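Novice: Residue numbering for the sequence shown is -18 to -1, 1 to 210, as defined by mature numbering (1 follows the signal peptide of the UniProt record, and there is no 0). Note that beta-carbon positions come from the ideal geometry of N, C-alpha and C, so glycine has one too. Here the structure is a predicted model, which is why all the values come from computation and not from measurement. Let me begin by handing over the structure; questions about it come next.
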Amino acid sequence: MKKIVFVFLSLLPLISSVGQNTRTLTLTKPGTLSMKLSYNEQEDTTDLTLIGTMNAKDFNLISANMPNLRTLNLKDVVIEEFIGSPGPQIISDLYEGNKIPAKSLKYKKYLVRVVLPQNLTSIGEEAFAGCTSLTDIELPGSLLEIERAAFEGCLALKSIEIPASVEVIEDETFNLCSNLSDVKLNEGLLSIGKQAFGNCFSLKKIAIPDTVSTLDKLAFVNCKNLKP
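Printed below as a string of structure tokens:
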């Protein structure tokens, strides 16, 4: 009996550590995520839910210090404008509100699922580029723009619906999404840019809305299984 109790007690730190990998945090002031987690907690967090307000400084911390992140839930977050330098990995002076900053989640290789803010209006350039494990992301109806290469190289992404509120799919937005097979475009879309769906080898069919007036000749380059 003593041996069994000893073994169980020796496992408690491990059990506790695993349980702490999932975290829900409320940010009452943007730019304060670093104050909520120690460096070790940042590093071992795998599933993160944020509530409240955040800005580019918080995205920079997620980008630089959370290498094991698998899910990110921002449904109840408001992204506020930030002016300044949030950190060495993101460069710019002005970061707009209600926008996922450019390159802010680029190369998060273990990221599988993202829930975006309900009032999000923009996804910045290369924001999710190289997130090779990303399979689950839903674009909110509030979204107005998706900037260049926002999802380039998301190899595991299989389906996406572009909200009717989005008028332009920029160059290379879904380039190299080799497993993307289900794409829904809605009426209201006006333009599809160069290599917007380039190298989407699994794409076999896609319905182009009548509202599209500009379709770059290389929009679907190297989509070898796409039927005309």
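Can you tell me which of C182, K199, L197 puts its alpha carbon nearest to the alpha carbon of N207?
Specialist: For this step, residue 207 is matched to residue 225 along the sequence shown. N207 has its Cα closest to that of C182, out of C182, K199, L197.
Novice: With a threshold of 16 other CB atoms inside 10 Å of the CB of A189, please say whether the residue is buried or exposed.
Specialist: Within the sequence shown, residue 189 is the residue found at index 207, counting from 1. Classification for A189: exposed.
Novice: Alpha carbon to alpha carbon, how far is L197 from Y21?
Specialist: The sequence position of residue 197 within the sequence shown is 215, counting from 1. The sequence position of residue 21 within the sequence shown is 39, counting from 1. Using only the alpha carbons, I get a separation of about 47 Å.
Novice: Extract the residue ranges of the beta strand (DSSP E) inside the segment 143 to 204, only unbroken runs of 3 or more that lie entirely within it.
Specialist: The qualifying runs are 164 to 167.
Novice: Starting from the C-beta of A111, find all residues in its chain whose C-beta is less than 6 Å away, skip the five residues before and the five after it, and write them out in chain order.
Specialist: Counting from 1 along the sequence shown, the entry for residue 111 is found at position 129. Cβ neighbours of A111 beyond the five flanking positions: K88, A131, E134, G135.
Novice: Have a look at V148 and E127 and give me their C-alpha separation to the nearest angstrom.
Specialist: What you label residue 148 is simply residue 166 of the sequence shown in a count that begins at 1. What you label residue 127 is simply residue 145 of the sequence shown in a count that begins at 1. Going by the C-alpha atoms only, they are around 6 Å apart.
Novice: Are the Cβ atoms of L98 and K140 separated by less than 9 Å?
Specialist: Locating residue 98 in the sequence shown gives position 116, where the first residue counts as 1. Locating residue 140 in the sequence shown gives position 158, where the first residue counts as 1. Taking 9 Å as the Cβ cut-off, L98 and K140 do not qualify as a contacting pair.
Novice: Which one or two residues does DSSP pair with residue 211 in a beta bridge?
Specialist: The shown model of the chain, from -18 to 210, leaves out residue 211, and the question about it has no answer.
Novice: Can you tell me which of Y92, P49, L158, F41 puts its alpha carbon nearest to the alpha carbon of E63?
Specialist: In the sequence shown, counting from the first residue as 1, residue 63 sits at position 81. Taking only the C-alpha atoms, the option nearest E63 is F41.
Novice: Grab me the residues of K91's own chain with a C-beta within less than 8 Å of its C-beta, minus the 5 sequence neighbours each way, in chain order.
Specialist: The sequence position of residue 91 within the sequence shown is 109, counting from 1. G112, C113, T114, S115, listed in sequence order.
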